[in-house]
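J.:
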Amino acid sequence: MAYGEVVWHLQVLERTGLIYSFRALRRRIYAHGALDISEAVHRVFTELAGRAPTGEEVDAAFRTAVKTSLKT
7 MAYGEVVWHL QVLERTGLIY SFRALRRRIY AHGALDISEA VHRVFTELAG RAPTGEEVDA
67 AFRTAVKTSL KT
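Numbering of the sequence shown is given in the working numbering, commencing with residue 7 and proceeding in unit increments.
See the structure below:
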């Protein structure tokens with residue numbers, strides 16, 4: 007599948023609320039819509055960085071989150 011197709015499908019899933027995304031570790035991370043964002047941030051840092059996120063990193067992820075419930 008081409009990169010553009012993947013991005014388009016991810017955007018459709020975000021618009022429907024099935025997934026959401028946030029920035030962490032210089033990447034865009036996608037998570038299941040039912041997963042709490044703070045839990046997702048902690049999992050990402052534990053698995054990718056091998057450490058717990060700092061308070062600033064958690065706040066930054068919240069600010070960049072694209073979640074339909076956060077936009078309302």
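Cβ coordinates follow ideal geometry from the N, Cα and C atoms, glycine included. Every value quoted in this text rests on a predicted model; they were computed, and no experiment measured them.
If distances are taken between C-alpha atoms only, which option among Thr22, His15, Val18, Tyr26 comes closest to Ala71?
T.: Position 65 of the sequence shown, counting from 1, holds the residue named residue 71. Checking every option, the nearest Cα to that of Ala71 belongs to Tyr26.
J.: Hey, how far is the Cα of Glu63 from the Cα of Leu19?
T.: Position 57 of the sequence shown holds residue 63. Position 13 of the sequence shown holds residue 19. Approximately 25 Å between the Cα atoms of the pair.
J.: Rounded to whole angstroms, what's the CA-CA distance from Thr52 to Ala46? Just pull it up for me.
T.: Locating residue 52 in the sequence shown gives position 46, where the first residue counts as 1. Locating residue 46 in the sequence shown gives position 40, where the first residue counts as 1. About 10 Å.
J.: DSSP three-state label for Ala37, please.
T.: Translated into the one-based positions of the sequence shown, residue 37 becomes position 31. The answer is strand: DSSP assigns Ala37 an E or B state.
J.: In whole angstroms, give me the CA-to-CA distance for Arg57 and Arg32.
T.: As a working note, residue 57 is residue 51 in the sequence shown. As a working note, residue 32 is residue 26 in the sequence shown. Distance between the alpha carbons of Arg57 and Arg32 is about 15 Å.
J.: Using only the alpha-carbon positions, how far apart do Gln17 and Gly10 sit?
T.: Here residue 17 refers to the residue found at position 11 when the sequence shown is read from its first residue. Here residue 10 refers to the residue found at position 4 when the sequence shown is read from its first residue. Cα-Cα distance, rounded: 11 Å.
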